Amino acid sequence: MYLTVRDATKTYGTFTALDRVSIEIDRGEFVCLLGPSGCGKTTLLRLIAGLSDLDGGEILLEDTALSDLPARKRGFGIVFQSYSLFPNMTVADNIGYGLRIRGTQRSEISARVTELLELVKLPQVADNFPNQLSGGQQQRIALARAIAVDPRVLLLDEPLSALDAKVRAELRDEIRHVQRSLGIPTLMVTHDQEEALALADKIICMNHGVVVQAGTPEDLYHRPRTRFVAEFMGISNLLSTEAVAQIFPDLLATRPAGADGAHVVCIRPEQIGVTPAPDGNATVRGISFLGNLRRLEVESPGGPLVVETHGADTCREGDRVNLHVASEACTWVADDVAQAPAESQS
Ligand code: ATP
Numbered sequence: 000m001y002l003t004v005r006d007a008t009k010t011y012g013t014f015t016a017l018d019r020v021s022i023e024i025d026r027g028e029f030v031c032l033l034g035p036s037g038c039g040k041t042t043l044l045r046l047i048a049g050l051s052d053l054d055g056g057e058i059l060l061e062d063t064a065l066s067d068l069p070a071r072k073r074g075f076g077i078v079f080q081s082y083s084l085f086p087n088m089t090v091a092d093n094i095g096y097g098l099r100i101r102g103t104q105r106s107e108i109s110a111r112v113t114e115l116l117e118l119v120k121l122p123q124v125a126d127n128f129p130n131q132l133s134g135g136q137q138q139r140i141a142l143a144r145a146i147a148v149d150p151r152v153l154l155l156d157e158p159l160s161a162l163d164a165k166v167r168a169e170l171r172d173e174i175r176h177v178q179r180s181l182g183i184p185t186l187m188v189t190h191d192q193e194e195a196l197a198l199a200d201k202i203i204c205m206n207h208g209v210v211v212q213a214g215t216p217e218d219l220y221h222r223p224r225t226r227f228v229a230e231f232m233g234i235s236n237l238l239s240t241e242a243v244a245q246i247f248p249d250l251l252a253t254r255p256a257g258a259d260g261a262h263v264v265c266i267r268p269e270q271i272g273v274t275p276a277p278d279g280n281a282t283v284r285g286i287s288f289l290g291n292l293r294r295l296e297v298e299s300p301g302g303p304l305v306v307e308t309h310g311a312d313t314c315r316e317g318d319r320v321n322l323h324v325a326s327e328a329c330t331w332v333a334d335d336v337a338q339a340p341a342e343s344q345s
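Residues in the sequence shown are numbered consecutively from 0, following numbering that gives the first Met the number 0.
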C-alpha cells in the first residue's frame, strides 16, 4: 500500500475526534473520506498533511513513518475549501510558488505554469490576481498550485463546497480528469455522497470518529452494512422485519442466519417495481417529476415507501398498485443508528 494510516487517534481534551482509524490509499487511487459534519474527516486529513500531531497510531508512506516529518517536507499537495490563494500574487506566481521555494529555474517554472494552466483549462489568466477570478476559477488555480510540485499525495479538503451546483459539477469532472491523467494518489474530504460516488475509486465512510465502512462506491451504495451507511449514501427504504413480512414476505427467506432483530432491509427506490392493479395492496400518494425519473410516495401495508421509476408514466396519484422487488436487490443491514452515540464516547 502506498499510504497507510494505522490506528490513528486524536483527542481534544476529553473529546475523541478520531478513534483508531485505519485507512489505505494505493498508487493512483482516488479515495474519498465521506461523513457528516464533525465526524473527524478534516482532523484525519490534517494529520496526514502533518498540520497536526497524532495522539496514537501511525502514518506510513511506502512503509516509512511520517511522524517526524514536518508538513513542508512531506511533499503533499493540499487544496482547501476556499480562499487559499495568495491574494497579493498573480495566478502565475501562485502556481509557481512551491517551485520557487525549491529553487527551480525561472524558465522551468514559467513552462510548468503554462502547462498547468492548460491542464486546468485557464490558459489566459496567468497575470490576473485571485480576486479577478470566480470561485470556480480560483479553485482550479489552487489545484494547479497543489500539483505544480508533483506531490506524492494530493489532499483535498471539501474543495468544491463553496461553489454553486453547476460549477461544482464541472470542477468535479475536472478534478477527476486531472487526477486520472497524472495518477496522483488523492484523498478528498467531502460530506456530499453524490460527489464521493462520482469521484472515488474507494469511499471511506466515517461517523463519530470511526470508519464505519470502506469500499467501492458500488459497495457502499448497493451493499451498505449498516443503517447509517445506507441512509448516508442516498435515499433508501429501510424496512423492519415486520414491515418486510407485510410487503415483501418472500424476502424473509434471504434474512441472514443468526439475525437477532437488529437488522433491517435496505431497498433503493429504483429497485422497487410498481404495477397498477385495482386490487393492489399499496396506494400511490404522491408523484414528483424530476426530469429523468419519477419519484413516487407509496403507502403500503408495511409503511410508506419511496419508489423511483424511469419508465412510462403508468401511475396517477391515488392509484392502487402492487409492489415487487428482486431479492438480490435487497440488503439486510445492521440497525446501528441507535448505537451510534455510545460509539462516539469510547
Ligand atoms: P466538517 O465537515 O464540519 O468540517 P469534519 O468531519 O471535518 O466536519 P472535524 O473538523 O475533523 O470534522 O472535527 C471533528 C470533531 O473534532 C468535531 O466535533 C470538532 O468540533 C472537533 N474539533 C476539531 N478541531 C478541534 C480543536 N482544535 N479543538 C477542539 N475540538 C476540535
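Note that the Cβ used here is the ideal one computed from N, Cα and C, for glycine as well.
Fair warning: this is a prediction, and the values are worked out from it, not measured in the lab.
**OP:** Could you check what DSSP says for residue 144 in three-state terms: helix, strand or coil?
**Re:** Taking the sequence shown and counting its residues from 1, the one referred to as residue 144 is at position 145. Reduced to three states, the DSSP call for residue 144 is helix.
Original post:
When the distance is taken between beta carbons, is residue 185 closer than 8 Å to residue 30?
Top reply: For this step, residue 30 is matched to residue 31 along the sequence shown. For this step, residue 185 is matched to residue 186 along the sequence shown. Contact flag set, yes.
Subject >> residue 16 CB to nearest heavy atom of the ligand ATP below 7 Å >> reply: If you number the sequence shown from 1, residue 16 lands on position 17. Flag set: Cβ of residue 16 near the ligand ATP.
Original post:
In angstroms, rounded to a whole number, what distance separates the CA positions of residue 7 and residue 252?
Top reply: Position 8 of the sequence shown, counted from the first residue, corresponds to residue 7. Position 253 of the sequence shown, counted from the first residue, corresponds to residue 252. For residue 7 and residue 252, the distance between alpha carbons rounds to 40 Å.
Subject >> Where the beta strand (DSSP E) containing residue 288 begins and where it ends >> reply: Here residue 288 is taken as the residue at index 289 of the sequence shown, counted from 1. 281 to 288 is the extent of the beta strand (DSSP E) around residue 288.
Original post:
At what residue ranges does the segment 70 to 156 contain a whole run of the alpha helix (DSSP H), taking only runs of 4 or more?
Top reply: 90 to 100, 105 to 118 and 134 to 146
Original post:
Given 8 Å as the limit, is there contact between the segment 110 to 130 and the segment 193 to 211, that is, 3 or more CB pairs closer than that?
Top reply: no
Original post:
Going by DSSP, which residues form a beta bridge with residue 215?
Top reply: Along the sequence shown, read from residue 1 onward, the residue named residue 215 stands at position 216. Paired residue(s): none; residue 215 is not in a bridge.
Original post:
Which same chain residues, not among the five before or five after residue 170, have their C-beta less than 8 Å away from its C-beta?
Top reply: Locating residue 170 in the sequence shown gives position 171, counting from the first residue. Around residue 170: 135, 138, 139, 158, 159 and 162.
**OP:** Tell me, please, whether the CB atom of residue 283 is closer than 8 Å to any CB atom in chain C?
**Re:** In summary, chain C is missing from the structure at hand, where a single protein chain is found.
Subject >> Top-ranked residue by Cα proximity to residue 214, from 208, 207 and 232 >> reply: Within the sequence shown, residue 214 is the residue found at index 215, counting from 1. Cα-wise, what sits closest to residue 214 is 232.
Subject >> residue 209 vs residue 227 beta-carbon contact at 8 Å >> reply: As a position in the sequence shown, residue 209 is number 210, starting the count at 1. As a position in the sequence shown, residue 227 is number 228, starting the count at 1. Cβ atoms of residue 209 and residue 227: not closer than 8 Å.
Original post:
Going straight from the alpha carbon of residue 91 to that of residue 103, what length do you get?
Top reply: In the sequence shown, residue 91 corresponds to position 92, counting from 1. In the sequence shown, residue 103 corresponds to position 104, counting from 1. Answer to the nearest angstrom: the Cα atoms are 14 Å apart.
Original post:
To the nearest angstrom, how far is it from the Cα of residue 292 to the Cα of residue 70?
Top reply: In the sequence shown, residue 292 corresponds to position 293, counting from 1. In the sequence shown, residue 70 corresponds to position 71, counting from 1. Roughly 47 Å separates the two Cα atoms.
**OP:** Let me know the secondary structure DSSP gives residue 247 once reduced to three states.
**Re:** The count along the sequence shown starts at 1 and reaches residue 247 at position 248. Residue 247: coil per DSSP, three-state reduction.
**OP:** Return the first residue and the last residue of the alpha helix (DSSP H) that residue 175 is part of.
**Re:** Within the sequence shown, the letter at position 176 stands for residue 175. Start and end: 164 to 181.
Original post:
With burial defined as no fewer than 16 other Cβ atoms inside 10 Å of the residue's Cβ, what is the status of residue 32: buried or exposed?
Top reply: Translated into positions along the sequence shown, residue 32 becomes position 33. Buried.
Subject >> Nearest candidate by alpha-carbon position, reference residue 64, set 77, 79 and 46 >> reply: Here residue 64 refers to the residue found at position 65 when the sequence shown is read from its first residue. For the residues 77, 79 and 46, the minimum Cα distance to residue 64 belongs to 46.
Original post:
Which residues in the same chain as residue 309 place their Cβ atom closer than 6 Å to its Cβ, once the five residues preceding and following it in sequence are excluded?
Top reply: Looking up residue 309 in the sequence shown gives position 310. Same-chain partners within the cutoff: 292.
Original post:
Contact check, residue 333 vs residue 262 under 8 Å by CB: the rounded distance?
Top reply: Looking up residue 333 in the sequence shown gives position 334. Looking up residue 262 in the sequence shown gives position 263. Sure, about 6 Å apart at Cβ, within 8 Å.
Original post:
Does the distance from the CB of residue 256 to the CB of residue 322 come in under 8 Å?
Top reply: If you number the sequence shown from 1, residue 256 lands on position 257. If you number the sequence shown from 1, residue 322 lands on position 323. Against a cut-off of 8 Å, the Cβ pair of residue 322 and residue 256 comes out as no contact.
Subject >> Own chain residues within Cβ distance below 7 Å of residue 18, not counting five before or after >> reply: As a position in the sequence shown, residue 18 is number 19, starting the count at 1. Within the same chain, residue 18 has close Cβ partners 8, 208, 209 and 345.
Original post:
Nearest to residue 346 by alpha carbon, out of 116, 34, 273 and 13?
Top reply: Absent from the model: residue 346. The displayed extent of the chain is 0 to 345, so no value can be given.
Subject >> Check whether residue 174 and residue 142 have beta carbons under 8 Å apart >> reply: Mapped onto the sequence shown, residue 174 falls at position 175. Mapped onto the sequence shown, residue 142 falls at position 143. The answer is yes: Cβ separation under 8 Å.
Original post:
How many whole angstroms separate the CB atoms of residue 239 and residue 266, which I take to be in contact at a CB cut-off of 8 Å?
Top reply: Locating residue 239 in the sequence shown gives position 240, counting from the first residue. Locating residue 266 in the sequence shown gives position 267, counting from the first residue. Not a contact, Cβ separation roughly 12 Å.
Original post:
Is DSSP giving residue 325 helix, strand or coil here?
Top reply: Here residue 325 corresponds to residue number 326 of the sequence shown, with the count starting at 1. In this structure, residue 325 counts as coil in the three-state DSSP scheme.
**OP:** Please list, in chain order, all residues of the same chain as residue 56 whose beta carbon is under 6 Å from its beta carbon, the five residues on each side excluded.
**Re:** The residue given as residue 56 occupies position 57 in the sequence shown. Cβ within range, chain order: 5, 6, 7 and 8.
Subject >> DSSP three-state assignment for residue 221, whether helix, strand or coil >> reply: To locate residue 221, count along the sequence shown from 1; it is residue 222. Note: residue 221 maps to helix in three-state DSSP.
Original post:
How many Å lie between residue 192 and residue 216 at the Cα?
Top reply: Within the sequence shown, numbered from 1, the residue matching residue 192 stands at position 193. Within the sequence shown, numbered from 1, the residue matching residue 216 stands at position 217. Looking at the two C-alpha atoms, the distance is approximately 9 Å.
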